[in-house]
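Visitor: Starting off with a structure, shown below.
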Amino acid sequence: MSDDYGYDYEDDSPYGTEREYGAGDADVPDGDDGAGASRGGGRGPERTFAALPPAQARGFATSWWGRAWLQALEDTALDGQQLKQGRQLARKGGVGAVSVRPGRITAMVRDRDGTAYRSDVLLQQLGAGAWDRFLDMAVDRAGHIAALLDREMPPHLVEDAAGAGVELLPGIGDLEPECTCGAWDHCPHSGALCYQVARLLDEDPFVLLLMRGRDERRLLDELQVRSAARAIRLGDGGAAEATGDAEREVRGVPAGEAFGAAGILPPLPAPPSAPETPGLGPSLDTETPPAPGIDPAALEVLAADSAVRAHRMLLDALTPVHEEQPFPGELTPRQDAVRLAADARPDARVGARLAAGSGRTPTDLDAAVRAWRYGGAPALAVLDEEWVPDPEDLGRARVRLDEAWEAGERPALRAASGRARWTVAGAGLQLRLDRDGRWWPYRRERGRWVPAGPADDDPAGALAGAEEGGAADGMNGAGTAI
Numbered sequence: 061m062s063d064d065y066g067y068d069y070e071d072d073s074p075y076g077t078e079r080e081y082g083a084g085d086a087d088v089p090d091g092d093d094g095a096g097a098s099r100g101g102g103r104g105p106e107r108t109f110a111a112l113p114p115a116q117a118r119g120f121a122t123s124w125w126g127r128a129w130l131q132a133l134e135d136t137a138l139d140g141q142q143l144k145q146g147r148q149l150a151r152k153g154g155v156g157a158v159s160v161r162p163g164r165i166t167a168m169v170r171d172r173d174g175t176a177y178r179s180d181v182l183l184q185q186l187g188a189g190a191w192d193r194f195l196d197m198a199v200d201r202a203g204h205i206a207a208l209l210d211r212e213m214p215p216h217l218v219e220d221a222a223g224a225g226v227e228l229l230p231g232i233g234d235l236e237p238e239c240t241c242g243a244w245d246h247c248p249h250s251g252a253l254c255y256q257v258a259r260l261l262d263e264d265p266f267v268l269l270l271m272r273g274r275d276e277r278r279l280l281d282e283l284q285v286r287s288a289a290r291a292i293r294l295g296d297g298g299a300a301e302a303t304g305d306a307e308r309e310v311r312g313v314p315a316g317e318a319f320g321a322a323g324i325l326p327p328l329p330a331p332p333s334a335p336e337t338p339g340l341g342p343s344l345d346t347e348t349p350p351a352p353g354i355d356p357a358a359l360e361v362l363a364a365d366s367a368v369r370a371h372r373m374l375l376d377a378l379t380p381v382h383e384e385q386p387f388p389g390e391l392t393p394r395q396d397a398v399r400l401a402a403d404a405r406p407d408a409r410v411g412a413r414l415a416a417g418s419g420r421t422p423t424d425l426d427a428a429v430r431a432w433r434y435g436g437a438p439a440l441a442v443l444d445e446e447w448v449p450d451p452e453d454l455g456r457a458r459v460r461l462d463e464a465w466e467a468g469e470r471p472a473l474r475a476a477s478g479r480a481r482w483t484v485a486g487a488g489l490q491l492r493l494d495r496d497g498r499w500w501p502y503r504r505e506r507g508r509w510v511p512a513g514p515a516d517d518d519p520a521g522a523l524a525g526a527e528e529g530g531a532a533d534g535m536n537g538a539g540t541a542i
């Protein structure tokens with residue numbers, strides 16, 4: 061069967077097919093250090109991957125090892141413009157079926173004018189001695205085998221292999237191009253082939269190991285043989301060796317290895333967006349009676365409040381200027397009871413418990429909740445505290461009151477004796493000045509003063525807000541029912 065580019069392949073499986081490419085193995089004979097290797101891949105197993113669809117609007121490598129493969133290509137190629145053309149060919153689906161065998165990858169690549177070229181990229185195979193060291197290292201660390209079987213190549217596997225003298229990933233100059241277009245450097249066709257292979261590596265790191273000289277089946281067979289032999293050794297008195305291996309696994313990845321792998325690891329993903337609303341709290345209304353002293357309804361309120369606070373903290377943490385904001389002060393139990401009543405909106409029974417615990421009557425808690433919703437702890441302080449400005453502060457406040465209205469338009473204000481409060485005569489409205497110089501409007505309802513709006517630097521603006529409308533969150537009368 062052949063594809064549109066004239067290159068034969070066996071089926072359409074995205075993971076490729078496998079067959080023996082000639083007899084024997086791709087490894088060279090053992091040398092003293094096992095470093096002997098060959099290029100070309102004339103013998104050994106072969107896997108053929110069907111042509112992949114165009115890679116529109118996506119990168120060619122998402123795994124860190126796929127990115128390392130492309131880094132080797134981009135570091136090796138002398139002409140960045142040629143590579144750019146190669147990326148475009150690969151992105152538009154110009155690469156046919158890809159053949160992977162020890163030491164070589166091959167594909168027919170169709171140029172922009174429709175001309176097809178056979179392109180090969182050669183990668184040096186590992187020698188038999190290097191494979192022995194790699195297999196011994198992998199057997200000693202069971203996590204490496206599990207990762208490969210999960211189609212993963214963790215950084216510490218590559219680092220451990222390098223420590224054993226085995227370089228799995230290619231480096232500068234390791235990807236050698238051959239193309240029927242006649243170019244001696246990486247041309248658009250060999251570049252397109254490499255970009256396409258990066259997608260294959262993302263799905264299966266065994267593709268890289270096949271290029272280095274071992275197919276998956278043989279690797280797993282050899283690992284099984286060595287694992288069995290190791291188990292026999294441990295059974296003959298190798299418990300100390302097993303303990304040493306376990307200790308190495310518990311210690312994790314050495315800091316030096318993690319630092320060395322930082323340049324090829326992909327960046328961390330962007331944090332997920334914050335949910336629009338807090339999560340729902342649990343329902344504790346069950347058939348099982350609660351333990352003595354436990355109030356399920358109160359616990360539900362606390363759980364719901366925890367979700368609200370966590371959501372608010374997350375939103376604050378995601379703001380661009382979060383690190384520049386001052387650390388919020390700690391609330392007193394009396395203040396926190398008001399905050400809890402404002403956020404959780406408990407039923408009347410739990411609200412009564414909060415009122416009692418904060419030393420307020422339910423009506424007082426209504427007013428405190430309204431203040432909190434207008435301005436948090438500062439607004440609550442204006443409700444609860446009466447402060448006496450010094451004569452200089454009081455004089456500045458009177459000047460601001462005189463300047464806030466045009467001549468003849470200022471309402472008649474009656475000042476409380478020595479206090480920072482001015483009542484509008486005959487209107488049931490009041491202005492209160494806080495210690496930071498802001499003005500808070502109040503309205504007289506059912507014989508008591510209750511907050512009527514947020515603070516304003518302009519006393520006329522604060523009073524206008526109280527005259528226009530109402531209370532926070534559509535509240536009427538004495539406040540919210542809790």
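Numbering (the numbering used here), first residue to last: 61 to 542.
All C-beta atoms in this analysis are idealised placements derived from N, C-alpha and C, irrespective of residue type, glycine included.
1. In chain order, what residues of the same chain have a beta carbon less than 8 Å from the beta carbon of G126, not counting five sequence neighbours either side?
2. Of the choices L229, R161 and L344, whose alpha-carbon is the least far from that of E276?
3. Can at least three beta-carbon pairs, one atom from the stretch 268–283 and one from the stretch 140–147, be found at a separation below 8 Å?
4. Quick one: residues in its chain with C-beta nearer than 6 Å to the C-beta of A485, no 5 flanking neighbours on either side, listed in chain order?
5. If distances are taken between C-alpha atoms only, which option among G273, Q184 and A222 comes closest to G233?
6. Quick one, which of V155, I292 and R458 has its alpha-carbon nearest R172's?
7. Going along the chain, which residues of its own chain have a beta-carbon closer than 8 Å to the beta-carbon of A476, five neighbours each way excluded?
8. Under 8 Å by Cβ, that's how I've got W432 and R399 pegged, so tell me the actual separation to the nearest angstrom.
9. Would you give the residue range spanned by the alpha helix (DSSP H) that Q490 belongs to?
10. Which of the three DSSP states, helix, strand or coil, is assigned to P162?
11. Would you say P449 and L491 are within 7 Å of each other, going by their C-beta atoms?
12. Express the C-alpha separation of A377 and W129 in angstroms, rounding to a whole number.
13. Decide if I165 is buried, meaning its Cβ has at least 16 other Cβ atoms within 10 Å, or exposed.
14. For the stretch 365–377 against the stretch 337–347, do three or more pairs of beta-carbon atoms, one drawn from each stretch, fall closer than 8 Å, so that the two count as touching?
15. Between which two residues does the beta strand (DSSP E) containing W509 stretch?
16. May I have the straight-line CA-CA distance separating D92 from G189, to the nearest angstrom?
17. With DSSP as the reference, label V226 as helix, strand or coil.
18. Let's see if you can read the secondary structure: which residues bound the alpha helix (DSSP H) around A188?
19. Mind reading off the beta-carbon distance from L133 to Q256? Whole number of angstroms is fine, and I expect it under 8 Å.
20. Three or more beta-carbon pairs under 8 Å between the stretch 343–358 and the stretch 402–415, yes or no?
Guide: On the basis of the data shown:
1. Here residue 126 is taken as the residue at index 66 of the sequence shown, counted from 1. So the qualifying residues of the chain are F120, A258, R259, L261 and D262.
2. Walking along the sequence shown from the start, residue 276 turns up at place 216. It is R161 whose Cα lies nearest to the Cα of E276.
3. no
4. Here residue 485 refers to the residue found at position 425 when the sequence shown is read from its first residue. Cβ within range, chain order: A472 and R474.
5. Sequence index remark: in the sequence shown, residue 233 carries index 173 (1-based). When only C-alpha atoms are compared, the closest one is Q184.
6. Against the sequence shown, residue 172 aligns to sequence position 112. Considering only alpha carbons, the answer is V155.
7. Walking along the sequence shown from the start, residue 476 turns up at place 416. Within the same chain, A476 has close Cβ partners W482 and T483.
8. As a working note, residue 432 is residue 372 in the sequence shown. As a working note, residue 399 is residue 339 in the sequence shown. Confirmed, about 6 Å.
9. Sequence index remark: in the sequence shown, residue 490 carries index 430 (1-based). In this chain, Q490 is not harboured by any alpha helix (DSSP H); it is covered by the beta strand (DSSP E) spanning L489 to L493.
10. Here the question's residue 162 lines up with position 102 in the sequence shown. Of the three classes helix, strand and coil, the one that applies to P162 here is coil, per DSSP.
11. Sequence index remark: in the sequence shown, residue 449 carries index 389 (1-based). Sequence index remark: in the sequence shown, residue 491 carries index 431 (1-based). The answer is no: Cβ separation not under 7 Å.
12. Residue numbering aside, residue 129 sits at position 69 when the sequence shown is read from its first letter. Residue numbering aside, residue 377 sits at position 317 when the sequence shown is read from its first letter. Rounded to the nearest whole angstrom, the C-alpha separation of W129 and A377 is 37 Å.
13. The count along the sequence shown starts at 1 and reaches residue 165 at position 105. Taking a 10 Å sphere around the C-beta of I165, we find 16 or more other C-beta atoms and assign the residue as buried.
14. yes
15. Numbered from its first residue, the sequence shown carries residue 509 at position 449. Element bounds for W509: R508 to P511.
16. By one-based count along the sequence shown, residue 92 stands at place 32. By one-based count along the sequence shown, residue 189 stands at place 129. Its pLDDT being 38, under 50, D92 is placed unreliably in this model, and the value from its coordinates should be taken loosely. The straight-line gap from Cα to Cα measures roughly 8 Å.
17. Taking the first residue of the sequence shown as 1, we reach residue 226 at position 166. The DSSP-derived three-state label of V226 is coil.
18. For the purposes of this step, residue 188 is taken as the residue at position 128 of the sequence shown. First-last of the alpha helix (DSSP H) with A188: A188 to D200.
19. Translated into the one-based positions of the sequence shown, residue 133 becomes position 73. Translated into the one-based positions of the sequence shown, residue 256 becomes position 196. That pair is no contact at about 11 Å.
20. yes
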